[in-house]
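Novice: Got a structure for you, written out below as structure tokens; questions coming shortly.
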Amino acid sequence: MPRHITIAAPHNFGTTEVRRRLDEQLDWALQRLRKKHIAVEVAEWSQDGRAFTVRALGQHVSGNFAVADDSLWFEAQMPWIIGVFAPAIEAVAIRYAARLLSAEGDTWCESGHPDRDRRVQVCDCAG
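Just so we're aligned: the sequence shown equals residues 46 to 172 in this note's numbering.
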């Protein structure tokens with residue numbers, strides 16, 4: 046049975062600013078995932094949403110981002126075999142959303158963890 050995950054990240058930036066941040070950070074995220082042998086294809090914007098497909102471990106995950114005035118939504122549907130990784134996928138999605146929605150000027154370590162954002166766990170690496 047497929048596994049469905051949904052994550053909502055609140056924000057105070059409005060849709061235009063969140064879309065700008067998503068576009069600005071997309072390359073960073075894709076490079077990070079590519080290093081872990083995860084291929085991602087992202088469609089162009091359709092209104093305030095953007096679909097994506099992820100290929101990993103010979104499986105496909107489909108989903109989308111939706112930007113609302115006060116929140117960013119991430120939804121994904123994955124095969125049951127990848128569904129066992131859903132908690133890890135959710136954790137990574139939350140970390141990426143926190144990075145995206147952090148205040149301008151927040152610093153991030155080499156691992157992509159927030160240095161000052163207390164909404165998620167603080168990185169303990171030396172970066």
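Note that the Cβ used here is the ideal one computed from N, Cα and C, for glycine as well. Since this is a predicted model, take the numbers as computed values, not measurements.
Once you ignore the five residues that flank residue 100 on each side, which residues in its own chain have a CB closer than 6 Å to its CB?
Specialist: Excluding positions up to five away in sequence, the list reads 84.
Novice: Does the beta-carbon distance from residue 95 to residue 87 come in below 8 Å?
Specialist: Cβ distance < 8 Å, so residue 95 and residue 87 count as in contact.
Novice: Look up residue 55 in the DSSP assignment and say whether it is helix, strand or coil.
Specialist: Residue 55 falls in the strand class under three-state DSSP.
Novice: Which stretch, first to last residue, makes up the beta strand (DSSP E) that contains residue 108?
Specialist: It spans 104–112 - the beta strand (DSSP E) in which residue 108 sits, taken as one unbroken run.
Novice: For residue 144, does the count of other Cβ atoms within 10 angstroms reach 16, so buried, or fall short, so exposed?
Specialist: By the neighbour-count rule (16 or more Cβ atoms within 10 Å), residue 144 is buried.
Novice: Please classify residue 56 as buried or exposed, where buried requires at least 16 neighbouring CB atoms within 10 angstroms.
Specialist: Buried, since its Cβ has 16 or more Cβ neighbours within 10 Å.
Novice: Take the Cβ of residue 126 as the centre, count every other Cβ of all protein chains shown within 10 Å, and call the residue buried at 16 or more, exposed below.
Specialist: Exposed, since its Cβ has fewer than 16 Cβ neighbours within 10 Å.
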